[in-house]
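Residue numbering for the sequence shown follows my numbering, beginning at 815 and increasing consecutively.
Built from N, CA and C at the ideal position, the CB exists for glycine as well.
Remember, it's a predicted structure, so these values are computed and weren't measured experimentally.
Presented below is the structure to which this report refers.
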Amino acid sequence: MKGPALPALKHATVNAMLKATSHTSLGLVFVDASERETSLPWAQVYRRAKRAAAGLARLGVK
Numbered sequence: 815m816k817g818p819a820l821p822a823l824k825h826a827t828v829n830a831m832l833k834a835t836s837h838t839s840l841g842l843v844f845v846d847a848s849e850r851e852t853s854l855p856w857a858q859v860y861r862r863a864k865r866a867a868a869g870l871a872r873l874g875v876k
């Protein structure tokens, strides 16, 4: 492949990225077909991801 080298990763994992961004006011904004916006802060995404991971771990997923 050609092109410049990629910059160093700021976070080694998605979990690390979510944890770091959960302390900011940033997040996602979804827009539905009626153009209504729904905001989802990264802190909430992180909490949901941890809850989902815990549920999977209880089921034996590693």
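One question on the structure: do residue i and residue j come within less than 9 Å of each other, judged by their Cβ atoms?
| i | j | result |
| --- | --- | --- |
| W856 | T838 | yes |
| G841 | Q858 | yes |
Could you tell me how far apart the beta carbons of residue i and residue j are, in whole angstroms, since I believe they sit closer than 8 Å?
| i | j | result |
| --- | --- | --- |
| F844 | L832 | Actually they do not touch by this definition, with Cβ atoms about 17 Å apart. |
Rounded to whole angstroms, what is the Cα-Cα separation between residue i and residue j?
| i | j | result |
| --- | --- | --- |
| P818 | A834 | 27 Å |
| D846 | T852 | 8 Å |
| S836 | A866 | 16 Å |
Kindly indicate the opening and closing residues of the beta strand (DSSP E) around residue i.
| i | result |
| --- | --- |
| L832 | Premise fails: L832 lies in the alpha helix (DSSP H), 828–835, not in any beta strand (DSSP E). |
| L842 | 841–845 |
Name the two residues that bound the continuous alpha helix (DSSP H) containing residue i.
| i | result |
| --- | --- |
| G869 | 856–872 |
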